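Here is the structure we will look at.
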Amino acid sequence: MDDTIGEHFGKVPTYTIVDTETHEVKVVENTGIHGGGEIYPPELLSREKVDVLICSGIGRKALSMFQGFKIKIYMAGVRKVADALQDFINGDLKEACIEDGAWNR
């Protein structure tokens, strides 16, 4: 929870996954295509049953891919995971949408 949200979610070494109901925290290695693997991050996170991604920025193509997996994207900027999660729980983060254009890309 003390990790910092990376500037490019596809190139971060790990993803912190938090179950907001059980408070279980799981850190998974980025085995996506940008991390040297063979799948894209939306598929990787979908396999982990993620339904929300909090990130600092996202382009239209990636946003569209996440939407295809029914994963909602919320923008938090670069900061600690714990702080961004608290803002999400409080309803203080903006959900990204295609109409907004590319965020920080």
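Using our numbering, the letters of the sequence shown map in sequence onto residues 173 to 277. Note that beta-carbon positions come from the ideal geometry of N, C-alpha and C, so glycine has one too. Small disclaimer: the values here were computed from a predicted structure and weren't measured.
Going by beta-carbon coordinates alone, are residue i and residue j separated by less than 9 Å?
i      : j      : result
Val200 : Tyr212 : no
Val250 : Gly178 : yes
Gly204 : Gly231 : no
To the nearest whole angstrom, what separates the beta carbons of residue i and residue j, a pair I think is in contact under 8 Å?
i      : j      : result
Met247 : Cys269 : In fact, because the Cβ distance is near 10 Å, the residues do not count as touching under 8 Å.
Val184 : Leu257 : 16 Å between Cβ atoms; not a contact.
Between the Cα of residue i and those of the options, spot the shortest distance and give me the residue it belongs to.
i      : options                        : result
Glu267 : Glu193, Val253, Ile245, Ala256 : Ile245
Ile240 : Ala256, Gly229, Val222         : For clarity, residue 240 is Gly in the given sequence; the question names Ile instead. That would be Val222, whose Cα lies nearest to the Cα of Gly240.
Ile243 : His180, Ala256, Asn262, Arg219 : Arg219
Asn202 : His180, Glu193, Thr194         : His180
Considering only residues of the same chain and omitting the five flanking positions on each side of residue i, which have a CB-CB separation below 8 Å?
i      : result
Asp259 : Ala248, Leu265
Output needed for residue i: all residues of its chain with C-beta closer than 6 Å, excluding positions within five of it in sequence on either side, in chain order.
i      : result
Glu210 : none
Met173 : Val253, Ala254
Asp175 : Thr188, Val253
Lys198 : Ile189
Ala234 : none
Thr194 : none
Thr192 : none
Sorted by chain position, which residues of the same chain lie with C-beta nearer than 7 Å to residue i's C-beta, five sequence neighbours on each side aside?
i      : result
Met237 : Tyr212, Pro214
Leu217 : Tyr187, Leu225, Ile243
Buried or exposed: residue i, going by 16 or more other Cβ atoms within 10 Å of its Cβ?
i      : result
Asn262 : exposed
Arg277 : Unreliable positioning characterises Arg277 in this predicted model, as indicated by a pLDDT of 48, which lies under 50. The coordinate reading is nonetheless provided below. Result: exposed.
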